[in-house]
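Each residue of the sequence shown is one higher than the last, beginning at 1 in full-length UniProt numbering.
First the structure, in the form of structure tokens, and then the observations on it.
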Amino acid sequence: MKPIGLLAGVGRLPVEFARAARGMGFSVIAVAVTGGVDDELAAAAHKLYTISIGEVDKIIRTLKAEGVGEVTMLGKVTKELMFSGAVSLDERARRVLAGLKDNSDDTIMHAFVRELAAEGIGVLDQTAFIRSLMPAPGTLTKRQPTPAERADMEFGYAMARQIGGLDIGQTVVVKNKAVMAVEAIEGTDACIRRGGALGRGGVTVAKVAKPNQDMRFDVPAVGVGTLEAMIEAGATALVIEAGKTLVVDRERVVALADQHNITIVAM
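Structural data, given as structure tokens:
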């Protein structure tokens, strides 16, 4: 079987990818680059290594030793680790970061992609094996949005596109056509909780792809954790970009939304 690499972060997406790739006859060589990777990944992949995201040289040497010529990157790896000192950087990682014009998500990821390419390792479109997780336009839940929620969805969608164009984040929380919170380094769930607190519930969450989204990394995704954060925040509506947002564990997500009277629309 042809080996394919998987650099795995937190969440269900790495497991979904590993299962899909195995079903297509690939040998999945997974590298857990952060703590908290889904326990099921060990069984879903053929091999699983645990190497910190800061050990760039070791990651590359491991992939090459396994004969990996293509890799995908899936799962949450929060950038705040880089600033908290929780991750030790090897010499190669320090060299890569030292040469960057800034520390935005796209700048860092493009530098890592170039580092892999220099070693003959290509980076795949994140959705290449899991496009079925991206819903078509329409309402996913039983409840349709109210006119006020629909207006907030359209407003939030437009705001999220603007924020994405600046490479700040992909999520905004809005209420009555006013922005309550914008996602930055803290991530989607923390943004939702903050927006819900500021809006005192009844908020709408919008998550979209960046206008020039590089599908090799940072493709927007929502899952059960997203819904749990929305429930905690008192959010009533979620809008995502149809055909460009991954919905992980869709049946569980929709069931949870229906249970809490939350409407979800792919726009």
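Glycine included, each C-beta is placed from N, C-alpha and C at the ideal position.
Beta bridge counterpart(s) of residue i as assigned by DSSP
i: G5; result: I29, V71
i: I192; result: DSSP, once it has assigned bridges, lists no residue as partnering I192.
i: Y49; result: V31
i: G122; result: E70
i: T263; result: A237
i: K175; result: A178
i: A221; result: L246
i: V10; result: K76
i: T139; result: V265
Residue burial classification, residue i (beta-carbon count within 10 angstroms, cutoff 16)
i: P137; result: exposed
i: K76; result: buried
i: M1; result: exposed
i: S88; result: exposed
i: L166; result: exposed
i: L100; result: exposed
i: residue 282; result: Any property of residue 282 remains undetermined from this structure, which presents the chain solely from 1 to 267.
i: G67; result: exposed
i: S132; result: exposed
i: K210; result: buried
i: M230; result: buried
i: T146; result: exposed
i: A206; result: buried
For residue j and residue i, the rounded distance between their alpha carbons
i: A65; j: A117; result: 16 Å
i: N103; j: D39; result: 31 Å
i: M153; j: L238; result: 7 Å
i: R193; j: Q170; result: 15 Å
i: R28; j: A221; result: Note on residue identity: the sequence assigns Val, not Arg, to residue 28. So the two alpha carbons sit approximately 22 Å from each other.
i: E149; j: V254; result: 18 Å
i: L227; j: V56; result: 33 Å
i: A190; j: I60; result: 32 Å
i: A158; j: A181; result: 14 Å
i: A21; j: G69; result: 15 Å
i: R143; j: G225; result: 20 Å
i: R94; j: G156; result: 37 Å
i: G35; j: P135; result: 29 Å
i: H260; j: I185; result: 28 Å
i: D106; j: V219; result: 11 Å
i: G85; j: F112; result: 19 Å
i: T188; j: L246; result: 14 Å
i: E251; j: A257; result: 10 Å
i: V37; j: K175; result: 34 Å
Where the alpha helix (DSSP H) containing residue i begins and where it ends
i: residue 356; result: A query on residue 356 cannot be resolved here, the shown segment of the chain reaching from 1 to 267 and no further.
i: T107; result: 105 to 118
i: V87; result: Per DSSP, V87 belongs to no alpha helix (DSSP H) and is neither H nor E.
i: R92; result: 91 to 98
i: Q162; result: 147 to 165
i: A44; result: 41 to 44
Integer Cβ distance of residue i from residue j, believed to fall under 8 Å
i: R12; j: D249; result: 6 Å
i: V123; j: V71; result: 6 Å
i: V173; j: G199; result: 7 Å
i: A242; j: M215; result: Contact flag wrong, Cβ pair sits at about 15 Å.
i: L6; j: A18; result: 6 Å
i: A177; j: A151; result: For the sequence presented, residue 177 should be read as Lys rather than Ala. About 6 Å; that satisfies the 8 Å criterion.
i: V96; j: E115; result: 6 Å
i: P14; j: L74; result: 5 Å
Unbroken beta strand (DSSP E) run spanning residue i, endpoints
i: T62; result: No beta strand (DSSP E) contains T62, which is instead part of the alpha helix (DSSP H) from 56 to 65.
i: M24; result: First-last for M24: undefined, no H or E at that position.
i: A178; result: 178 to 182
i: A206; result: 204 to 207
Beta carbon proximity, residue i to chain D, threshold 7 Å
i: T107; result: Among the protein chains of the structure shown there is no chain D, as only one such chain exists.
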